[in-house]
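S.K.: Handing you this structure, nothing more for now.
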Amino acid sequence: MTHSATPDIHHQLSSGTVQVRHALDQTYTMMCAAQVDPALGDTAQIILGEVLNNVVEHAYNSVEGQPIELSVWLRDDGLWCEVRDQGAPMPNGVPPAGVMPTVDADNPADLPEGGFGWALVRELTEHIQYDRQDGTNHLRFLIPTPKD
Numbered sequence: 000m001t002h003s004a005t006p007d008i009h010h011q012l013s014s015g016t017v018q019v020r021h022a023l024d025q026t027y028t029m030m031c032a033a034q035v036d037p038a039l040g041d042t043a044q045i046i047l048g049e050v051l052n053n054v055v056e057h058a059y060n061s062v063e064g065q066p067i068e069l070s071v072w073l074r075d076d077g078l079w080c081e082v083r084d085q086g087a088p089m090p091n092g093v094p095p096a097g098v099m100p101t102v103d104a105d106n107p108a109d110l111p112e113g114g115f116g117w118a119l120v121r122e123l124t125e126h127i128q129y130d131r132q133d134g135t136n137h138l139r140f141l142i143p144t145p146k147d
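Sequential numbering of the sequence shown, starting at 0, is according to numbering that gives the first Met the number 0.
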């Protein structure tokens with residue numbers, strides 16, 4: 000994914016749950032102002048929340064105050080997104096496979112607390128690309144426009 004144009008939405012934020020929530024709120028407000036399909040906006044909140052919170056938790060090991068950049072390009076085919084951070088690289092240099100954890104519907108007390116995030120990201124995005132350049136992680140993906 001290469002977009003030479005300036006992103007329609009761009010945030011430079013610091014790692015931390017409050018900062019991520021604020022950036023997500025601002026992003027949603029900007030998408031609404033740009034008349035992005037509400038279903039696409041809702042999906043973007045889920046995906047961007049998962050990705051940004053993973054940066055905070057895993058790339059930065061929950062250390063607050065570290066730099067994160069979020070860029071979003073609003074296009075006819077959906078939202079092209081890029082997240083950059085200077086945290087730890089993804090294990091083995093690739094995004095997680097995103098396999099849903101096994102759930103026993105007959106025993107809700109045993110529901111896993113995590114493990115759903117990358118499965119959702121993989122299910123709801125397309126064209127996921129990851130690379131690391133000069134100590135910076137670059138994650139790019141498309142959140143496609145819902146099909147009628």
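Beta carbons are placed, not taken as given, at the ideal position from N, Cα and C, and that holds for glycine. Quick caveat: nothing in here was measured; it's all calculated off a predicted structure.
For isoleucine 8, which option in Val17, Ala22, Ser14 has the closest C-alpha, if you only look at C-alpha atoms?
M.R.: Counted from its first residue, the sequence shown places residue 8 at position 9. Answer by Cα proximity: Ala22.
S.K.: Going by CA-CA distance only, name the one from Gly116, Ser70, Asp130 that's closest to methionine 30.
M.R.: One-based indexing of the sequence shown puts residue 30 at position 31. It is Ser70 whose Cα lies nearest to the Cα of methionine 30.
S.K.: Quick one: give me the first and last residue of the beta strand (DSSP E) that valine 82 is part of.
M.R.: On the sequence shown, residue 82 is found 83 positions in, with the first residue counted as 1. 77-84 is the extent of the beta strand (DSSP E) around valine 82.
S.K.: Can you confirm whether glycine 15, when its beta carbon is compared against all beta carbons of chain B, has any partner nearer than 8 Å?
M.R.: Among the protein chains of the structure shown there is no chain B, as only one such chain exists.
S.K.: Only counting runs of 4 or more residues, tell me where the alpha helix (DSSP H) segments fall wholly within the region 32-78, in order along the chain.
M.R.: Whole alpha helix (DSSP H) segments, 4+ residues: 37-53.
S.K.: Give me, in chain order, the residues of the same chain whose beta-carbon lies closer than 6 Å to that of arginine 131; leave out the 5 immediate sequence neighbours on both sides.
M.R.: Counting from 1 along the sequence shown, the entry for residue 131 is found at position 132. Pro88, listed in sequence order.
S.K.: Mark asparagine 136 as exposed unless 16 or more other C-beta atoms lie within 10 angstroms of its C-beta, in which case mark it buried.
M.R.: Taking the sequence shown and counting its residues from 1, the one referred to as residue 136 is at position 137. Buried, since its Cβ has 16 or more Cβ neighbours within 10 Å.
S.K.: Within a Cβ cutoff of 7 Å, which residues of the same chain sit near asparagine 53, ignoring the five residues on either side of it in sequence?
M.R.: Sequence index remark: in the sequence shown, residue 53 carries index 54 (1-based). Excluding positions up to five away in sequence, the list reads Gly116.
S.K.: Going by the CB atoms, is the gap between threonine 124 and threonine 45 shorter than 8 Å?
M.R.: The residue you call residue 45 lines up with position 46 of the sequence shown. The residue you call residue 124 lines up with position 125 of the sequence shown. The question names threonine, but residue 45 is isoleucine in the sequence shown. Not a contact, by the Cβ cut-off of 8 Å.
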